[in-house]
Amino acid sequence: MSNLGIIIGREFKGRVAKKSFIITTILMPLFMLLLMAAPALIAMMSSPKERVLAVVDESNIVLPALVSAHPENIVIMPVAEPLDSVMHSDKYDAVLAVPADVTKTASATLYQHESASMEFESQLSGIIEQAVRDQRLKAYDIENLDQILKNVETDVSLSTVRITDEGEEESTSSGLSFGIGIVCAFILYMFLLMYGQAVMTSIIEEKSNRVLELVVSSVRPTQLMLGKIIGVGLVAVVQVVIWTILMAAMSMFVLPMLVPDSVMAQVNMMNAGTLDATQASVDTGVLQAISFFGSVGSILTLFGWLLVFLVGGFLFYAAIFAAIGSSVDNIQDASQLTSFAILPIIVSLVLAMVVLQDPNTTMSFWLSVIPFTSPMIMLCRIPFGVPTWEILLSVVVLYLSFIFMAWLAGKIYRVGIFMYGKKPNIKDLIRWARYK
31 MSNLGIIIGR EFKGRVAKKS FIITTILMPL FMLLLMAAPA LIAMMSSPKE
81 RVLAVVDESN IVLPALVSAH PENIVIMPVA EPLDSVMHSD KYDAVLAVPA
131 DVTKTASATL YQHESASMEF ESQLSGIIEQ AVRDQRLKAY DIENLDQILK
181 NVETDVSLST VRITDEGEEE STSSGLSFGI GIVCAFILYM FLLMYGQAVM
231 TSIIEEKSNR VLELVVSSVR PTQLMLGKII GVGLVAVVQV VIWTILMAAM
281 SMFVLPMLVP DSVMAQVNMM NAGTLDATQA SVDTGVLQAI SFFGSVGSIL
331 TLFGWLLVFL VGGFLFYAAI FAAIGSSVDN IQDASQLTSF AILPIIVSLV
381 LAMVVLQDPN TTMSFWLSVI PFTSPMIMLC RIPFGVPTWE ILLSVVVLYL
431 SFIFMAWLAG KIYRVGIFMY GKKPNIKDLI RWARYK
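Those letters in the sequence shown? Residues 31 to 466, by my numbering.
Right under this line is the structure:
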């Protein structure tokens with residue numbers, strides 16, 4: 031085995047065997063499973079609790095409207111007793127008191143024995159509002175005025191369909207794409223910082239123990255640096271591959287068991303373009319989330335691009351962390367220099383939040399090309415549907431930038447590993463990089 035292979039194997043085996051690797055590898059799929067199951071759980075558990083509502087209506091306007099509306103999971107109980115004797119009764123979950131002048135005041139009082147529910151209150155206030163509105167319209171004595179206004183009112187249901195580069199149509203959701211983009215950005219943020227600093231820490235420890243002085247006697251410094259970067263990078267790759275396999279398995283076998291057949295039927299109708307959004311029992315955003323997480327192809331595509339930009343971003347930033355680690359003697363001295371590597375990663379995460387608002391701006395495009403920000407920014411844009419040529423341009427520029435950064439970091443590395451006792455500054459690093 032070559033010296034480079036030995037170094038890669040040592041770094042890889044040493045980190046894969048750690049408990050932290052095993053724990054994070056297990057916890058992340060569990061988090062993803064919760065993310066996948068969330069839409070199905072919301073669909074199953076979002077139905078409101080059944081309540082018995084006593085109605086004391088002095089106006090004789092609201093009660094008929096409530097009975098006619100027949101709100102879901104609300105049992106209407108007309109009550110002729112005084113309010114004081116009803117509001118403390120355990121027979122009712124809530125008591126609605128409607129004054130005689132409700133058409134003037136447009137107000138009513140709801141007494142509850144349990145904590146307030148926004149959905150329950152909104153449901154009742156909507157019915158009361160409609161009843162008061164109808165009564166006020168009658169005062170104008172215009173024939174069929176209520177029907178005319180109903181015909182004018184429009185509830186727009188906007189469905190978004192993206193036309194792919196191949197001319198095919200696919201249902202999309204900006205909300206779902208936004209959520210996936212945030213998750214991808216945070217995963218990449220975590221990996222770049224965690225594994226990039228792992229490379230730097232490994233170099234600093236070996237330098238402080240004078241191990242590097244022995245190693246470089248048989249291995250070239252640049253070869254040693256690349257071995258460490260690739261070895262640590264393979265750990266990240268293995269972790270993502272494991273996640274991809276587990277996610278695909280959960281998408282294929284677990285999610286179908288969690289989603290009710292009625293909801294899955296609506297998902298299939300939505301994918302076929304035959305779903306009437308106004309008659310769907312579940313929010314279309316939830317249906318689109320179930321459709322995405324239930325598609326093995328979508329999962330593999332997303333994790334495939336995650337792997338591409340994770341590897342490219344890690345290699346680029348790991349070269350910077352390696353150069354910093356070789357130039358200092360301890361972690362404390364590295365704190366000032368590491369800001370040059372950490373700050374662009376943090377800025378990328380902040381800019382990702384801006385890009386997610388509109389991934390098609392000129393700023394979004396250029397941030398997807400600049401190698402310091404492209405891994406996170408482009409990965410955020412991909413769920414929205416980005417032209418293939420933009421993704422390929424971002425990948426090519428990122429990997430070419432790594433080659434340049436590795437060459438530059440190698441020049442600093444070969445000098446820095448032999449420097450002790452002095453905390454270098456930027457001028458020193460530039461001078462080391464210019465040595466021939």
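We put the CB at the ideal spot given by N, CA and C, even for glycine.
Cβ contact annotation for V341 (same chain, cutoff 8 Å, sequence separation greater than five): G263, A266, V267, in chain order. In this chain, the alpha helix (DSSP H) harbouring T133 covers 132-135. With fewer than 16 neighbouring CB atoms inside 10 Å of its own CB, R461 falls in the exposed class.
Sequence-distant partners of I233 (beyond 5 residues in either direction) whose C-beta falls short of 7 Å from its own C-beta, in its chain, are K258, A352, G355, S356.
As DSSP reads the structure, M107 sits in a beta bridge with A84. Cβ-Cβ distances below 8 Å link I421 to W335, M408, I412 in the same chain, with the five nearest sequence neighbours on each side left out; the list follows chain order.
In this chain, the beta strand (DSSP E) harbouring T139 covers 139-142.
Residue state for L386 is assigned as coil, using DSSP reduced to three classes. Leaving aside the five residues that flank L438 on each side, the residues in its chain whose CB is nearer than 7 Å to its CB run, in chain order, A463. Straight-line measurement puts the Cα of S155 at about 18 Å from the Cα of E144. DSSP, read as helix, strand or coil, puts A99 in helix. Using a Cβ distance threshold of 8 Å, V229 and A348 count as a contacting pair. A127: member of the beta strand (DSSP E) spanning 124-128, first to last residue.
With a contact defined as Cβ atoms closer than 8 Å, V82 and V128 miss out at about 17 Å. A contact between stretches requires three or more CB pairs, one per stretch, nearer than 8 Å, and the region 171-185 fails this requirement with the region 369-377. In the assembly as shown, E236 is a buried residue. Its beta-carbon has 16 or more other beta-carbons within 10 Å. Nearest in C-alpha terms to Q227, of all of F344, A95, A84, is F344.
One thing to note: L386 has its Cβ within 8 Å of the Cβ of I212.
Out of F402, D171, D458, P454, the CA that lies nearest to the CA of M435 is found in F402. The C-alpha of I217 is placed about 12 Å away from the C-alpha of Q269. Pairing F346 with Y429, the inter-Cα distance amounts to about 8 Å. When C-alpha distances from L222 are compared across F395, V416, T368, the shortest belongs to T368. About 16 Å separates the Cβ atoms of V109 and V132, ruling out a contact at the 8 Å cut-off.
Here DSSP, grouped into helix, strand and coil, assigns T274 to helix. Around the Cβ of S137, a 10 Å sphere holds fewer than 16 other Cβ atoms; the residue is exposed.
Boundaries of the alpha helix (DSSP H) around K457: 456-464. In terms of Cα proximity to L256, the closest of I172, F208, G440 is G440. Restricted to the region 386-420, the alpha helix (DSSP H) segments that are unbroken, complete and at least 4 residues in length are 392-397, 404-411, listed in chain order. Here V338 is not near A278, since their CB atoms are 8 Å or more apart. For V338, the enclosing alpha helix (DSSP H) covers residues 326-357. Bounds of the alpha helix (DSSP H) holding M148 are 148-168.
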